[in-house]
Each structure stands twice: as structure tokens, then as C-alpha cells.
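Undergrad:
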């Protein structure tokens, strides 16, 4: 058994937390650890001897400084004062009914490491099973006492039993849907009928599956959570059909994770996302350059700046902070935007990412913005000085935990192709028509602008043509002004219209 106590008095000392070793670098930058209860990601730079990637450990940690030569990743840096491969001796489980067979239930043990912890099940009907995730079909309706025993090689043996109600009406969740989310540390839950359901709720209990604490007994509720961590929120409810009189009982559970905002959000990492093979680099908050915004988002980043990390933005440094002011899932979300920009900029533009009017001014400190619905919004602050510096910062705003998923990330970036003023990915005479529509308009210049025929990031302007093309596409040379010189990139990349192609004809 591995047990390291560093600066701790007494052999009976216990490690306080449980984590999984995501990576380990013996060269001095330590190990990256994911706290399995709180969801925090830590960089441990001391007390990591013997740790290898893939381990699950108990540990205690204290703040530490990042050694020289190691890259700061925007996560907490700690030293380990206690390390043990002995995991907490406890047993809990959750269950869910199959949509196909009402008597078939899936059970999942709430353990940390299935390779170390042995799960033995008794289902109350004479049947047994082993494993973290098991499935069992009960012989008929009734209440069954299901018991779980968790043991390990270090002498742990914990038992937990729960009465599970099995009813033939369980499939399809009794024609009701359960919604759970958290905004800040405020938990919200509600249950509502699906479609034209004729059933009424006769009883409901909301509870935290890990503690079994009853949170509410009403169809909708709010509750203040004690702090960061992983929570499994369950609703056990019974409904009765007003027409047939049939009674349906079931339990639904949803997991939410509360964690301090950081540079990298592990819940948002999705390596399976297909990103376009275009080079429009951004510099991530982790100090790493990414090929385009899609690559940054799929890596879980919360913010980035336009351009490669080595690009000099001049005496402009755009930055912002976003704070929650007031919110509820039903009434909308209000956030405070705080300007952290520095440098000798003369103008700034703030895009709230929800297609609302863009805020443009010479300077600002704080302002609030209301979002009527939840989601993930790609906000952008660009600061510049005419014929001088320009800096553009993008930050993802996630309203609540329900929307905190890579599936809800914003759509692809609307890149500018210099010379394409109407968004058809071509440079021809039609682009000159749009230049006439926007002639004389002034907006934010394009960061790292060039005349090369390649996708380039540009912040949105206030105005768009009737077809929906934003005026930033009309600024072909990227200098922040739509004037005669914007015809030059059109001429540079001009492709004559194919007169044999009927699609161009009016």
C-alpha cells in the first residue's frame, strides 16, 4: 500500500481528497490531477514521486508555486502533503429503468476506481451480481431491497441498501421530463409533462443521491448548494392518469458539476469535434497557439485572443471579465461585463454574442447585459487605435450547468475572405455592389489583416446588408474603413463570372 505523509504528524492521518492522475511529467513539472469529487483540475509539483498517469489516489494538497521552466495552464498549482492508494470506504448507488422493459433496471455504484473496488449486488429476489455497472430484470412488480457491498484489498467493506420500487408503468419516464441546472451555486429543478399528458403528479421528492438529503417535495424548487463538486440530483415521483387511473412511479437522476471558472473547462473538451482545416490562429488563455477558434473551443478553452501568441498587438491589450448579476432559468440571465483592457487604445467594440446590438464606444468600465435564454455565448471585445494598435479578445459565456456541454458550443466562425464582400467565397463584380452599399462606414479593423486569399478573423460590425452579410466583409483591406482601397483585394483575387453558368443571371 502506497502511503506518503509529508509534514503531517501521526500515522493515523487521512488524505482528504480523491483524484485521478491525468498526466505525470517526472521532469519537474509534476502531475495533473482531477479531483473526482469537486471536478477541479490541479497541477501538483511536489510530493508526486511514484505517481503515474491513470492512477486513482487519495491525497491532500497545499498551495505551491510553479517551478521555473513549466508552462502555466490556468489551473491551481499545489504540493501534495498526503498520498495514498487507499480509497474512501463507502457504498452508494443509483438506478434507472429501461425504456424497453419496465422490470429491467440499470444500477451504477458510486465508486472511484472499478479496478480496485469490488462491487457485489443483492437484488432482493435471490439474484446477485458483481461489477460497477450491472443490469437486472426483476420477476414482477413490487418493492425490492437492493443492497451493494463495496470491498477492496485493504480491508474495506461498506454496505448500502435501498428499497427500489418496480412498476410496469415505469418506461418513458411516466410521460414527464425532469430539468435540473445550477447558476452559480443556486440549484434549480422542475418536472413537467410531455406532450398531451393526462397525468397529474401525486407525489415528488427531490434529493441528493450522494447524501440522500431531501431537497424539496414540490414540482419546482431552488436550493443553495454548499460548494463546488459533483452532485447527482434525483427526482422520485408518482403520477396518476386522469382517464385510466393508472399509476406510474419512477426515479430520474441528473448529474451536475460546480467548479471555479478557469482557463480550461474539462466538461467542454471534445476531441471528436471535426474542425475545419483552415489556419486562422488564436492565442489561448493557456499560452498555447491554436489553428483556429474551433480548435480552441474543442480543447475546452474559455478565452483566447486573435492571432498567434508571438504576434505583437502593439500598445493595445483587450481583456474583459464577466460576472453573474442575477438569473433564473425561467426569467433569464443578467451578467456584468468589466473592461480590463490596457494600452493606448481609442475605440472599443463589445459583441455580446447573441445577435443583439453591438456596444461601441471610446471607453467604458462596466456594463450589464440581459440574456433571455440560456446557452453558450461567444463574446468579443476588440480595442484599437486608428492606424495604430489592435487587440481582440474572445470569451465564452456559459449561463448555467444545463448548457455546459460541447454540444452547445456556438456555430462556426464567420471568417472574412479579403475581396469577398458578399459572402459567396468569390471575388467578382458583385462584391463591388456591396462596397457601394457600405461606402464610408467605419468599424473595427481586422486583427493581423492581410490581402491573402485565406480565412481571417474579424470582429462583427454594427451594420449588415439586407442579405445578412456583416459589414466586416465589405472592409476588404481590413483597415476599419469602407473606401476606394477596398476594391484592391477584389481586383487582386478577381475571377470573371462564368457566362455559361445560368445561376449568375438575374
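In my numbering, the protein residues as written are 1167 to 1672. Beta carbons: idealized from backbone N, C-alpha and C, even for Gly.
With a 10 Å radius around its C-beta and 16 neighbouring C-beta atoms as the bar for buried, classify residue 1599 as buried or exposed.
TA: exposed
Undergrad: In angstroms, rounded to a whole number, what distance separates the CA positions of residue 1341 and residue 1358?
TA: 9 angstroms
Undergrad: With a 10 Å radius around its C-beta and 16 neighbouring C-beta atoms as the bar for buried, classify residue 1445 as buried or exposed.
TA: The residue is exposed, with fewer than 16 neighbouring Cβ atoms inside 10 Å.
Undergrad: Provide the residue span of the beta strand (DSSP E) that contains residue 1575, from first to last.
TA: Element bounds for residue 1575: n/a, residue is neither H nor E.
Undergrad: Drop a sphere of 10 angstroms on the beta-carbon of residue 1219, count the other beta-carbons inside from all chains shown, and report buried for 16 or more, exposed for fewer.
TA: exposed
Undergrad: What's the call for residue 1320, buried or exposed, on a 16-neighbour Cβ count within 10 Å?
TA: So residue 1320 counts as exposed.
Undergrad: For residue 1526, which three-state DSSP category applies?
TA: strand
Undergrad: Go ahead and label residue 1591 buried or exposed: buried means 16 or more other beta carbons lie within 10 angstroms of its beta carbon, across all protein chains shown.
TA: exposed
Undergrad: Is the number of C-beta pairs between the stretch 1565 to 1574 and the stretch 1595 to 1610 that are closer than 8 angstroms three or more?
TA: Judged by Cβ distances under 8 angstroms, the stretch 1565 to 1574 makes no contact with the stretch 1595 to 1610, as fewer than three pairs qualify.
Undergrad: Looking at the strands, I want to know which residues DSSP matches up with residue 1331.
TA: 1309
Undergrad: Mind listing, in chain order, the continuous alpha helix (DSSP H) runs of no fewer than 4 residues lying wholly within the stretch 1198 to 1252?
TA: Runs of the alpha helix (DSSP H) lying entirely within the stretch 1198 to 1252 and spanning at least 4 residues: none are present.
Undergrad: By Cβ distance, which residues of its chain are closer than 8 angstroms to residue 1296, with the 5 residues on each side in sequence left out?
TA: So the list reads 1284, 1285, 1286, 1287, once near-sequence residues are dropped.
Undergrad: What is the residue span of the alpha helix (DSSP H) that residue 1340 lies within?
TA: Per DSSP, residue 1340 lies in no alpha helix (DSSP H) and is assigned neither H nor E.
Undergrad: Please report how far the alpha carbon of residue 1437 lies from the alpha carbon of residue 1311, in whole angstroms.
TA: 41 angstroms
Undergrad: Looking at the unbroken beta strand (DSSP E) that takes in residue 1383, where does it start and where does it end?
TA: Looking at the DSSP string, residue 1383 is not in any beta strand (DSSP E), and its letter there is neither H nor E.
Undergrad: Could you give the residue range of the alpha helix (DSSP H) that holds residue 1653?
TA: 1653 to 1658
Undergrad: Under the rule that 16 or more other beta-carbon atoms within 10 Å means buried, what is residue 1221, buried or exposed?
TA: buried
Undergrad: Answer with buried or exposed for residue 1349, where buried requires no fewer than 16 other C-beta atoms within 10 angstroms of its C-beta.
TA: buried
Undergrad: Please say whether residue 1332 and residue 1307 have beta carbons closer to each other than 7 angstroms?
TA: yes
Undergrad: For residue 1252, tell me which candidate among 1184, 1198, 1188 has the shortest Cα-Cα distance.
TA: Distance check between residue 1252 and each of 1184, 1198, 1188 places 1184 closest, using alpha-carbon atoms only.
Undergrad: Skipping 5 residues on each side, what residues in its chain have a beta carbon closer than 6 angstroms to that of residue 1525?
TA: 1516
Undergrad: Name the residue from 1622, 1181, 1195 whose alpha carbon lies nearest to the alpha carbon of residue 1586.
TA: 1622
Undergrad: Since residue 1533 is in the beta strand (DSSP E), which residue starts that stretch and which ends it?
TA: Secondary structure note for residue 1533: its beta strand (DSSP E) is the uninterrupted segment 1532 to 1537.
Undergrad: Can we say the stretch 1381 to 1399 touches the stretch 1200 to 1209, given the rule of at least three CB pairs closer than 8 angstroms?
TA: yes
Undergrad: Looking at the structure shown, is residue 1416 part of a helix, part of a strand, or coil, going by DSSP?
TA: strand
Undergrad: Looking at the strands, I want to know which residues DSSP matches up with residue 1183.
TA: 1225
Undergrad: State buried or exposed for residue 1182, treating a residue as buried only when at least 16 other CB atoms are found within 10 Å of its CB.
TA: exposed
Undergrad: Considering only residues of the same chain and omitting the five flanking positions on each side of residue 1294, which have a CB-CB separation below 8 angstroms?
TA: Excluding residues within five positions, the ones whose Cβ falls inside 8 angstroms are 1286, 1287, 1288.
Undergrad: Could you spell out where the beta strand (DSSP E) holding residue 1374 opens and where it closes?
TA: 1365 to 1374
Undergrad: Express the C-alpha separation of residue 1611 and residue 1247 in angstroms, rounding to a whole number.
TA: Taking the straight line joining both Cα atoms gives about 51 angstroms.
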